[in-house]
Amino acid sequence: MDTDVAIVGGGVAGLTAATFTARAGLDTLVIDHGESILARNAHLENVPGFPLGINARTFLSLLREQAAENGVEFHEARVTRVSETDDGLRLRAEVSDGETDITTSYALATSWSDSGYLDELADVGLTKRGSKVYVDVDDFGRTGVDGLYAAGRIAEKPHQTVVAAGHGAEVALTLIDDSDVPFYHDWVAPEGYFTGRGREVPPGCEEISDEERREREQASLDRLQEAFAEPQSEPPTMHPSVADDTDDAED
Ligand SMILES: Cc1cc2nc3c(=O)[nH]c(=O)nc-3n(C[C@H](O)[C@H](O)[C@H](O)COP(=O)(O)OP(=O)(O)OC[C@H]3O[C@@H](n4cnc5c(N)ncnc54)[C@H](O)[C@@H]3O)c2cc1C
Numbered sequence: 001m002d003t004d005v006a007i008v009g010g011g012v013a014g015l016t017a018a019t020f021t022a023r024a025g026l027d028t029l030v031i032d033h034g035e036s037i038l039a040r041n042a043h044l045e046n047v048p049g050f051p052l053g054i055n056a057r058t059f060l061s062l063l064r065e066q067a068a069e070n071g072v073e074f075h076e077a078r079v080t081r082v083s084e085t086d087d088g089l090r091l092r093a094e095v096s097d098g099e100t101d102i103t104t105s106y107a108l109a110t111s112w113s114d115s116g117y118l119d120e121l122a123d124v125g126l127t128k129r130g131s132k133v134y135v136d137v138d139d140f141g142r143t144g145v146d147g148l149y150a151a152g153r154i155a156e157k158p159h160q161t162v163v164a165a166g167h168g169a170e171v172a173l174t175l176i177d178d179s180d181v182p183f184y185h186d187w188v189a190p191e192g193y194f195t196g197r198g199r200e201v202p203p204g205c206e207e208i209s210d211e212e213r214r215e216r217e218q219a220s221l222d223r224l225q226e227a228f229a230e231p232q233s234e235p236p237t238m239h240p241s242v243a244d245d246t247d248d249a250e251d
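As numbered in this note's numbering, the sequence shown has no gaps in its residue numbers, which increase by one up to the final residue, 251.
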């Protein structure tokens with residue numbers, strides 16, 4: 001498998017980052033194994049835009065659908081190893097019936113709480129606190145290895161959904177900036193917003209007609225009505241230690 005951007009982890013940070021890199025035109029593959037820790041939440045009440053909160057499993061499923069709508073590809077597998085190559089990075093991933101290799105120009109670790117696949121990379125700093133290991137990043141999400149980034153809780157960001165999503169987006173923008181994609185805003189503006197003032201539409205921006213705006217709004221209303229028509233049937237996932245009576249205070 002070959003891609004521009006490989007994102008390890010399809011949780012909050014990974015799916016948000018993937019939506020940004022795919023919308024910027026970079027081929028984006030999310031490799032995910034297991035489920036987001038947010039699936040353990042009982043009711044999500046601090047994400048902007050949902051006055052009475054939202055079911056966390058519904059939120060996760062809409063995040064994943066949004067990534068797919070924007071062209072993100074998915075690979076169900078556990079990443080076990082990352083190595084450097086002459087022109088990028090190679091990820092080894094375990095699937096049910098063997099292993100796959102993925103070559104990529106850029107990789108983004110968002111795999112709370114597994115960083116074991118980075119152990120062989122001497123230039124990646126890992127910080128252990130209690131039972132948790134965090135990936136060291138600079139202010140922009142870059143690690144010590146060219147082309148390798150980390151975002152969300154694994155980069156030791158505070159443990160909230162909107163923080164993980166925001167960091168995923170921010171680090172994706174760093175990655176986009178480091179790539180050949182020209183300056184990138186990801187804005188959708190009404191027709192004439194730029195051109196009506198004699199300006200070019202900036203890279204990564206779009207001007208849409210009133211008719212197109214109405215069509216997109218109607219499609220989003222239809223989809224949201226369908227998504228919120230019925231209560232979510234999946235209950236929260238319980239912490240594994242509840243069953244075996246061990247203790248892990250943090251999550
Ligand atoms: C009980 C509970 C309640 C919570 N309630 C709230 C709340 O009300 N409000 C709030 O803001 N936040 C809440 N949170 C916190 C929130 O869930 C996290 O901060 C957020 O999910 C972190 O996002 P992330 O993308 O860093 O990690 P995650 O969302 O956990 O995503 C990590 C992904 O990486 C995958 N993965 C891991 N290792 C590998 C590997 N080797 N290969 C491939 N994939 C891998 C995992 O399966 C997972 O899908 C709660 C957390 C818990 C536990």
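Where a beta carbon is used, it is the ideal one built from N, C-alpha and C, also for glycine.
On a Cα-Cα basis, can you pick out the residue from G192, I31, T195, V145 that is closest to F74?
Nearest of G192, I31, T195, V145 to F74, Cα basis: I31.
Taking 8 Å as the threshold (C-beta atoms), are L148 and A107 in contact?
Yes, Cβ-Cβ distance for A107 and L148 is below 8 Å.
For E35, is the beta carbon positioned less than 7 Å from some heavy atom of ligand 1?
Taking 7 Å as the cut-off, one finds at least one heavy atom of ligand 1 near enough to the beta carbon of E35.
What residues match up with I102 in a beta bridge as DSSP calls it?
Residue pairing from DSSP places I102 in a beta bridge opposite L91.
Is there contact between the segment 40 to 50 and the segment 173 to 181, where contact requires at least three CB pairs shorter than 8 Å?
No, the segment 40 to 50 is not in contact with the segment 173 to 181.
For the structure I just gave you, are there three or more beta carbon pairs, one from the segment 150 to 166 and one from the segment 7 to 16, closer than 8 Å?
Yes, since at least three Cβ pairs between the segment 150 to 166 and the segment 7 to 16 fall closer than 8 Å, the two stretches touch.
Span separating the alpha-carbon of R213 from that of D222
Between R213 and D222, the C-alpha separation is close to 14 Å.
Spatial distance of R57 from R92 (CA atoms)
About 28 Å.
Taking DSSP's pairing of strands, which residues face T85 in a bridge?
Under DSSP, T85 forms a beta bridge with G88.
Does DSSP put Y184 in a helix, in a strand, or in coil?
Correct three-state label for Y184: coil.
What residues in its chain sit with their C-beta under 6 Å from that of S209, if we drop five residues either side in the sequence?
Contacts found: E191.
What residues in its chain sit with their C-beta under 8 Å from that of Q225, if we drop five residues either side in the sequence?
Here Q225 has no same chain residue with a Cβ atom under 8 Å from its own Cβ, once five neighbours each way along the sequence are excluded.
Own chain, CB closer than 8 Å to L126, minus 5 neighbours either side, in chain order
Its chain contains S115, L118, D119, V133, Y134, V135, D136 as the residues whose beta carbon lies nearer than 8 Å to that of L126, once the 5 sequence neighbours on both sides are disregarded; these appear in chain order.
By DSSP's criteria, F74 is part of a beta bridge. Which residues make up the other side?
In the DSSP output, where bridge partners are listed per residue, F74 has V30.
On the criterion of 16 or more Cβ atoms from any shown chain inside 10 Å, does W112 qualify as buried, or is it exposed?
Buried, since its Cβ has 16 or more Cβ neighbours within 10 Å.
Would you say the beta carbon of G153 comes nearer than 7 Å to a heavy atom of ligand 1?
This sequence places Arg at residue 153; Gly is not what is there. Annotation for R153 indicates a beta carbon within 7 Å of some heavy atom of ligand 1.
Would you kindly work out how many angstroms separate the C-alpha atoms of L89 and A67, rounded to a whole number?
Computed Cα separation, rounded: 23 Å.
CB-CB under 6 Å to T80, same chain, minus the five flanking residues each way: which ones, in chain order?
In chain order, R92, E94, Y117 place their CB closer than 6 Å to the CB of T80, counting only its own chain and leaving out the 5 sequence neighbours on each side.
Provide the residue(s) that pair with E8 in DSSP beta bridges, ordered along the chain.
The sequence given here has Val at residue 8, not Glu. In the DSSP assignment, V8 forms a beta bridge with I31, A109.
Which of helix, strand or coil DSSP assigns to V135
V135: strand per DSSP, three-state reduction.
Just to confirm, is the Cβ distance from T195 to E206 under 8 Å?
In this structure, E206 does not lie closer than 8 Å to T195 by Cβ.
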